[in-house]
Ligand code: AGP
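Pasting the structure below:
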């Protein structure tokens, strides 16, 4: 989704803002732009369709000199990705604005502004905000007052950053939905869509809440609430460093993140799971000890890959903790009426903690009778974490590739911890609990072994490049693993992939199976194996080509139409985590062979901050 960086300093800001945009590239975008105010208080702007590198090239040829500026990566919503639609938008030559989100009442505002004589250059909803600010400046407002007036009129979800020739000593920004973080330097201050963008200039941050407006000056930062009252906000020092988003020796961030999984999982276990000791409820927050024994049902809500993690956890929750568990995608949950079971926990999963649908579902849950909201999230400063009473952080480290990998496997590790906490609180068998803790502790080593399949999977992927479609099959907790494998493949290789519970094959999708349809199956050595084998025979009998990721002992032989790739065993209930790793590698290598943009696949955004 769109990314914002803006700031005011004693030095030229172009390169700071450009570097910020580079560090926001992972969010996904289709054009980029930057504007500054020069020493004569004139606005200058460059915009380019395509990558930040193209904007960088334009700025290298003709730099923009100015000590206050705003910059943006645009993920098109209103109007196609053209230079005219790219941000910053300028009104009347004096107000420049960047925007993340959607202004829902842009149409009536546009009509009103046109009637007042304002000219629209773009098809965007953003331009109405630029003209509206110019309108209030004309009526005598300073920039802060103008933004406050406009914020009161806008409907929808948005973050804005604005500079104006009329009021050159400040950058004004606001948040109503998409995140905005304030970065504190010495004699310079910034705002950005996330902390990563500003790490080269500061590690000191505050987080804007919805409805707040921030007035940045070189020597001061003032934050105002919806009513216009000044609020004091704590400054936090981030533990992240600017280097944390380097690709290192890897060709892509996604590849690096796949290979970081043993470490990310260890970090997510660290200090929480010890083989011979029950987990401490305190890891979820102080209220957890009293709450956990009261929980009789769990509702999980998430999107995309995080939703798949929730689907796997449902099997664990019901089997290990004996607690009824429902899972729903947030974009559906937020818009329907629910029957909430008594003493239910509302559990959200999100890598970013900024997914608009998940945040809206949390809001919706407040009007329902949940005992508490628990967030499993990878970003400690995120909106989701701030809005949940209980939190379990995944310590995956920054995930830059749009296709989620280590965030998924660490979510599963965190989910298993929640399942164990609930099971313990209901007096689960101590030996079973100990065995599961042991399985968690062995997982990093087993994932390391699964990663050793990389050269073999590269050769398998080579055979996929020319295929247009793929079917993924799994049963039980391995059905969501198949869904995740299919999502990875379609996201980054653009190969159409669908996942089915293997038993559903004969109810329709079998009609698709022929020699051109690769079928990828996940085969754990469990009590459903014989059923799965029958499903695989159904594929084979119709000439389909099978690629089976199998645990040791499944006794499937390589042969015509049957390719077996053995995945390490011994992971017990955590086998869905281990089985995911080769599917990630398969998607990755297929995309590399196809030559797609692995880390920033077309049309997708890392942090989905609009509905
Ligand atoms: C995963 O590969 C996706 N890019 C996407 O489905 C993602 O998981 C989804 O948008 C949810 O994001 P979140 O975990 O940050 O809430």
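Numbering (this note's numbering), first residue to last: 2 to 612.
Here a beta-carbon is modelled for each residue, glycine too, at the ideal position from N, C-alpha and C.
In this text, all values refer to a predicted model and were calculated from it rather than measured experimentally.
Query, Result
"For residue 300, which of helix, strand or coil comes out of DSSP?", "strand"
"Under the rule that 16 or more other beta-carbon atoms within 10 Å means buried, what is residue 27, buried or exposed?", "buried"
"Tell me which residue opens and which closes the alpha helix (DSSP H) that residue 455 is part of.", "455-463"
"Name the DSSP beta bridge partners of residue 100, please?", "161"
"Sorted by chain position, which residues of the same chain lie with C-beta nearer than 7 Å to residue 424's C-beta, five sequence neighbours on each side aside?", "321, 322, 434"
"Do you know offhand how far residue 549's Cα is from residue 522's?", "5 Å"
"Please report the distance separating the alpha-carbon of residue 33 from that of residue 50.", "6 Å"
"Can you give me the Cβ contacts of residue 482 inside the same chain, cut-off strictly under 6 Å, excluding the 5 residues immediately before and after it?", "475, 523, 577, 580, 581"
"Can you give me the C-alpha to C-alpha distance between residue 325 and residue 396, rounded to a whole angstrom?", "27 Å"
"How close, in whole Å, do the beta carbons of residue 71 and residue 54 come, if the pair is a contact with beta carbons under 8 Å?", "With a Cβ gap of about 20 Å, residue 71 and residue 54 do not count as contacting."
"With a threshold of 8 Å, establish whether the CB of residue 265 neighbours any heavy atom of the ligand AGP.", "no"
"Beta carbon of residue 173, beta carbon of residue 206: below 9 Å?", "no"
"With H, G and I counted as helix, E and B as strand and the rest as coil, what does DSSP make of residue 30?", "coil"
"Could you tell me whether the region 113-131 touches the region 82-100, using the rule of 3 or more Cβ pairs below 8 Å?", "yes"
"Measuring only the C-alpha atoms, how far is residue 212 from residue 175?", "7 Å"
"If distances are taken between C-alpha atoms only, which option among 540, 449, 382 comes closest to residue 238?", "382"
"Quick check on residue 575: does DSSP put it in helix, strand or coil?", "helix"
"Say the cut is 8 Å; is the CB of residue 605 nearer than that to a heavy atom of the ligand AGP?", "yes"
"So is residue 604 buried or exposed if we call it buried at 16+ other beta carbons inside 10 Å?", "exposed"
"Would you mind giving the Cβ-Cβ distance between residue 371 and residue 347, rounded to the nearest angstrom? I have them listed as a contact below 8 Å.", "4 Å"
"Under 8 Å: does the beta carbon of residue 257 sit that close to some heavy atom of the ligand AGP?", "no"
"Per DSSP, what kind of secondary structure is residue 420 in: helix, strand or coil?", "helix"
"Cutting at 8 Å between CB atoms, please list the residues of its own chain near residue 1, excluding the five before and the five after it.", "Any property of residue 1 remains undetermined from this structure, which presents the chain solely from 2 to 612."
"I'd like the ranges of any beta strand (DSSP E) spanning at least 3 consecutive residues and lying wholly in the region 173-209.", "182-185, 190-193, 205-208"
"Looking at the structure shown, is residue 142 part of a helix, part of a strand, or coil, going by DSSP?", "coil"
"Could you say if the region 62-77 and the region 131-150 meet the contact criterion of at least three C-beta pairs nearer than 8 Å?", "no"
"Quick one: what's got a C-beta closer than 6 Å to residue 279's C-beta in the same chain, skipping five residues either side?", "425"
"Measuring only the C-alpha atoms, how far is residue 229 from residue 157?", "20 Å"
"Does at least one heavy atom of the ligand AGP sit under 8 Å from the Cβ of residue 350?", "yes"
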